[in-house]
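Notes follow once the structure below has been shown.
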Amino acid sequence: MNKQDVLQSIIDKLEIDLDIAQRAAQTAYETATHEENIAENKYDTLGLEASYLAAGQARRVEEIRQSLAAYRKWSLKPFDESRGIQTGDLVAVEALSGQTQYLFLGPDAAGLKVSAGEQLVTVITAKAPLG
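The sequence shown begins at 0 in numbering that gives the first Met the number 0 and counts up by one.
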């Protein structure tokens, strides 16, 4: 498995996630600001709820943008035994049962799962390790 292919898969997945999040944020914004959703009484909270959703979606868009920027500027280095496993390394972890799990130590986007060929690779970070 090639680290560069995994990196490109991560970037591709983040681009897809960004597009989805942007569309969701736009929809939530339009719902929050639509004239039919102006509160008519204190129990009419659809517009308020949609504004909370729009704010959360906007934060999610920004998080994905930051992750995408980090991966786009990332330059992978070959593994060096003398430095040990570090960010940017692709690791295979084998359980006693013989099952192998592939992990990519990334700068961001922990929990993201991408396919690299036939294998599933999970991104972990120093802030959100596997656990």
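The C-beta atom is built at its ideal place from N, Cα and C for all residues, glycine as well.
Everything numeric in this text was worked out from a predicted model, so none of it was measured.
Following the DSSP letters along the chain, one finds residue 123 inside the beta strand (DSSP E) bounded by residues 118 to 123.
Judged by beta-carbon spacing, residue 88 lies within the 8 Å limit of residue 104, meaning their Cβ atoms are closer than that value. Counted as a single uninterrupted DSSP element, the alpha helix (DSSP H) harbouring residue 2 occupies residues 2 to 32. Contact between residue 10 and residue 67 is confirmed by a C-beta separation of about 7 Å, below the 8 Å threshold. Judged by DSSP in its simplified three-state form, residue 100 adopts strand. If you draw a 10 Å sphere on the C-beta of residue 113, you find 16 or more other C-beta atoms in it, and that means buried. Residue range 45 to 71 is occupied by the alpha helix (DSSP H) that includes residue 52, with no beta strand (DSSP E) assigned at that position. Proximity to residue 109 across 77, 120, 25 peaks at 120, based on C-alpha coordinates. Of the residues 48, 40, 17, 21, the one whose Cα lies closest to the Cα of residue 32 is 48. For the options 0, 13, 51, the alpha carbon positioned closest to that of residue 69 is the one of 13.
If you look at residue 115, you'll find it in the beta strand (DSSP E) that goes 112 to 115. By the Cβ-count criterion, residue 18 is exposed, with fewer than 16 other Cβ atoms from all chains shown falling within 10 Å of its own Cβ. Close CB contacts of residue 20 within its chain, under the 6 Å cut and outside five residues either way in sequence, are with 59, 60, 63 (chain order).
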